[in-house]
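S.K.:
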Ligand SMILES: Nc1ncnc2c1ncn2[C@@H]1O[C@H](COP(=O)(O)OP(=O)(O)O)[C@@H](O)[C@H]1O
Ligand SMILES: [Mg+2]
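Numbering (the working numbering), first residue to last: 5 to 248.
1. Please determine, among 68, 31 and 174, the residue with the shortest C-alpha to C-alpha distance to residue 151.
2. If you measure from the CB of residue 23, is any heavy atom of ligand 2 nearer than 7 Å?
3. DSSP puts residue 143 in a beta bridge; with which residues?
4. What first and last residue would you give for the beta strand (DSSP E) that runs through residue 87?
5. Taking the straight line between their C-alpha atoms, what separation do you get for residue 140 and residue 169?
6. Tell me the start and end of each unbroken beta strand (DSSP E) in the region 54–105 that is at least 3 residues and wholly inside, in chain order.
7. Quick one: give me the first and last residue of the alpha helix (DSSP H) that residue 231 is part of.
8. Rounded to whole angstroms, what is the Cα-Cα separation between residue 5 and residue 136?
9. Would a C-beta distance cut-off of 8 Å place residue 24 and residue 153 closer than the cut-off?
10. For residue 56, which of 39, 79 and 73 has the nearest alpha-carbon?
11. Is the region 158–166 close to the region 49–66, with three or more CB pairs under 8 Å?
12. On the DSSP bridge assignment, give the partners of residue 121 in chain order.
13. Just to check my reading of the structure: residue 240 and residue 228 have Cβ atoms closer than 8 Å, yes? What is that Cβ distance to the nearest angstrom?
14. Report the three-state DSSP secondary structure of residue 203 (helix, strand or coil).
15. Is the beta carbon of residue 64 sitting closer than 8 Å to the one on residue 102?
16. Could you tell me whether any Cβ in chain E is nearer than 8 Å to the Cβ of residue 219?
17. Determine which residues share a DSSP beta bridge with residue 198 and list them.
18. So, using beta-carbon positions, are residue 38 and residue 110 closer together than 8 Å?
19. Would the beta-carbon of residue 144 fall within 8 Å of that of residue 206?
20. Nearest CA to the CA of residue 42: which residue from 71, 67 and 30?
21. I'd like to confirm something about residue 32: is its beta-carbon nearer than 7 Å to some heavy atom of ligand 2, or not?
22. Report the rounded CA-to-CA distance for residue 21 versus residue 202, giving the unit in angstroms.
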């Protein structure tokens, strides 16, 4: 049975696309077959970040509107289990209800996970349209504005009875000692969401954006691996914060 993960977050720039890719790569390393869907209509980026934009002919709007799925998805080079469905270059081509139905039909496709990279902000209509067992992962940075966004998202998900968990992204161990940054317990309490993982600030992740080469290393790779394992049902403790 395919598991649907929807990655969301308040502001642009909190790391939704980076985490969608990092998580998808980690799931592939666990031998899971992953379809990554870029739903940031008009602002697509995953095709570029994964180095497949030159082969892009059809996108998610074509697949949602009836074109055969496998003619629309792009295999990602050097990552045999990862495929991408790119976002359309214009906004408004995908209706939320049609997208929800489309994702529902993928339950019989050859994937273990579908990871949907959602646009910034809240979109209750779209969340409601997704299959009820969708797991929402809210990306939050350790600052007050981002935490308030996560709390808003937590409330919207609660209102429509959907399951959401929290990823704290761009964490640095020195934040623990600096009161200007939110501490992890406060972020969890204020967001009202359960924590599924913490991703460190990573130079490699930032470089991946510049060069279209998304091979992760070091702590960020380990962080995504832990989140992927938890999504697969493993019960892993959080490492000591200074080791994240
Ligand atoms: N953990 C991280 N460490 C370093 N840079 C990051 C991290 N997460 C995201 N970034 C950087 O932040 C910027 C925005 O990330 P992106 O994933 O596009 O956010 P979003 O999809 O939420 O708009 C990019 O330049 C990306 O490299
Ligand atoms: Mg994005």
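All C-beta atoms in this analysis are idealised placements derived from N, C-alpha and C, irrespective of residue type, glycine included.
M.R.: Taking the geometry as given:
1. Translated into the one-based positions of the chain shown, residue 151 becomes position 147. For the options 68, 31 and 174, the alpha carbon positioned closest to that of residue 151 is the one of 174.
2. Along the chain shown, read from residue 1 onward, the residue named residue 23 stands at position 19. Every heavy atom of ligand 2 is 7 Å or more from the Cβ of residue 23, so no.
3. Locating residue 143 in the chain shown gives position 139, where the first residue counts as 1. Looking at the DSSP assignment, residue 143 forms a beta bridge with 171.
4. Here the question's residue 87 lines up with position 83 in the chain shown. 86–89 is the span of the beta strand (DSSP E), which, as asked, contains residue 87.
5. Within the chain shown, residue 140 is the residue found at index 136, counting from 1. Within the chain shown, residue 169 is the residue found at index 165, counting from 1. Going from the Cα of residue 140 to the Cα of residue 169 covers about 6 Å.
6. If we require 3 residues or more, the beta strand (DSSP E) runs fully inside the region 54–105 come out as 86–89.
7. The count along the chain shown starts at 1 and reaches residue 231 at position 227. It spans 222–235 - the alpha helix (DSSP H) in which residue 231 sits, taken as one unbroken run.
8. Counting from 1 along the chain shown, the entry for residue 5 is found at position 1. Counting from 1 along the chain shown, the entry for residue 136 is found at position 132. Taking the straight line joining both Cα atoms gives about 14 Å.
9. The sequence position of residue 24 within the chain shown is 20, counting from 1. The sequence position of residue 153 within the chain shown is 149, counting from 1. Not closer than 8 Å, so no.
10. Indexing the chain shown from 1 puts residue 56 at position 52. Comparing Cα-Cα distances from residue 56 to each of 39, 79 and 73, the minimum goes to 79.
11. Counting C-beta pairs with one atom in each stretch, the region 158–166 and the region 49–66 have fewer than three that are closer than 8 Å, which means they do not touch.
12. In the chain shown, counting from the first residue as 1, residue 121 sits at position 117. In the DSSP output, where bridge partners are listed per residue, residue 121 has 11 and 42.
13. To locate residue 240, count along the chain shown from 1; it is residue 236. To locate residue 228, count along the chain shown from 1; it is residue 224. Residue 240 to residue 228, Cβ: 12 Å. No contact.
14. As a position in the chain shown, residue 203 is number 199, starting the count at 1. Looking at residue 203 - three-state DSSP - the assignment turns out to be strand.
15. Along the chain shown, read from residue 1 onward, the residue named residue 64 stands at position 60. Along the chain shown, read from residue 1 onward, the residue named residue 102 stands at position 98. Not closer than 8 Å, so no.
16. No chain E appears in the structure shown, which is made up of a single protein chain.
17. As a working mapping, residue 198 is identified with position 194 in the chain shown. Note: residue 198 is bridge-paired with 169 in the DSSP secondary-structure output.
18. Numbered from 1 along the chain shown, position 34 holds the residue referred to as residue 38. Numbered from 1 along the chain shown, position 106 holds the residue referred to as residue 110. With contacts defined as CB atoms closer than 8 Å, residue 38 and residue 110 fail to qualify as a contacting pair.
19. Sequence index remark: in the chain shown, residue 144 carries index 140 (1-based). Sequence index remark: in the chain shown, residue 206 carries index 202 (1-based). Contact check for residue 144 against residue 206 fails: the beta carbons are separated by 8 Å or more.
20. Locating residue 42 in the chain shown gives position 38, counting from the first residue. Minimum Cα distance to residue 42 is reached at 67.
21. Taking the first residue of the chain shown as 1, we reach residue 32 at position 28. False, no ligand heavy atom lies under 7 Å from that Cβ.
22. Within the chain shown, numbered from 1, the residue matching residue 21 stands at position 17. Within the chain shown, numbered from 1, the residue matching residue 202 stands at position 198. Residue 21 and residue 202 have their C-alpha atoms spaced approximately 15 Å apart.
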